[in-house]
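Novice: Residue numbers (this note's numbering): 6 to 166.
For each residue, glycine too, the CB sits at the ideal point set by N, CA and C.
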């Protein structure tokens, strides 16, 4: 596996090769490390997201270790998914819902500095007197900038033994 510097963008053909070779491990890493104790992404939905991204053929201006976080900012409408789209066959937020105990209309995934942020949002509906969407609950997850590489190496070394 090729190590890349944080500022080195993944070319789409390199990203496709890396993702295809490591899709199962990336999926496992997302659920065990990125979303642990927060949510679970469905494997078929994960593969659909990957296929959609590769179909767009655009450069990912990230290193491969940030890829598991960036995927969420590319889904739906710029990282936003309606509440009704959050199901067992997409992204299951039941653990986060129990923690937040709040009503929301959609979830927003974003990255700010070294944080992966999941926000449960309330938007203006009907005659509500709010001017902009309200963050009802926010979960910040520290981005491990070498985590995916380390996870893949660890899993591959287990498979060799």
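Under 9 Å, do residue 153 and residue 72 count as touching if we go by C-beta distance?
Specialist: Walking along the chain shown from the start, residue 153 turns up at place 148. Walking along the chain shown from the start, residue 72 turns up at place 67. Against a cut-off of 9 Å, the Cβ pair of residue 72 and residue 153 comes out as a contact.
Novice: Ignore the nearest five residues each way along the sequence and tell me which others in residue 30's own chain have a CB closer than 7 Å to its CB.
Specialist: By one-based count along the chain shown, residue 30 stands at place 25. Contacts found: 156, 157, 160.
Novice: For residue 39, list the residues DSSP reports as bridge partners.
Specialist: By one-based count along the chain shown, residue 39 stands at place 34. None; residue 39 has no bridge partner.
Novice: Does DSSP put residue 25 in a helix, a strand or coil?
Specialist: Locating residue 25 in the chain shown gives position 20, where the first residue counts as 1. Correct three-state label for residue 25: helix.
Novice: What is the residue span of the alpha helix (DSSP H) that residue 105 lies within?
Specialist: In the chain shown, residue 105 corresponds to position 100, counting from 1. Run containing residue 105: 99-105, per the alpha helix (DSSP H) assignment.
Novice: Can you say whether residue 42 is buried or exposed, counting buried as having 16 or more other CB atoms within 10 angstroms of its CB?
Specialist: Along the chain shown, read from residue 1 onward, the residue named residue 42 stands at position 37. So residue 42 ends up on the exposed side.
Novice: Where does the unbroken alpha helix (DSSP H) through residue 157 begin, and where does it stop?
Specialist: As a first step, residue 157 must be located in the chain shown, where it is residue number 152. Its alpha helix (DSSP H) spans residues 152-165.
Novice: Within 10 Å of its beta-carbon, does residue 40 have 16 or more other beta-carbons around it, so buried, or fewer, so exposed?
Specialist: As a working note, residue 40 is residue 35 in the chain shown. Buried, because 16 or more other Cβ atoms sit within 10 Å of the Cβ of residue 40.
Novice: Give every residue of the same chain whose Cβ lies closer than 8 Å to the Cβ of residue 36, excluding the five residues on either side of it in the sequence, and list them in chain order.
Specialist: Within the chain shown, residue 36 is the residue found at index 31, counting from 1. Correct list, in chain order: 45, 46.
Novice: Considering only residues of the same chain and omitting the five flanking positions on each side of residue 48, which have a CB-CB separation below 8 Å?
Specialist: Reading the chain shown from its first residue, position 43 is the one you call residue 48. Closer than 8 Å at the Cβ level, and outside the excluded window around residue 48, lie 32.
Novice: Which term fits residue 120, buried or exposed, when burial requires 16 or more other beta carbons within 10 angstroms of its beta carbon?
Specialist: In the chain shown, the residue the question calls residue 120 occupies position 115. By the 10 Å Cβ count, residue 120 comes out exposed.
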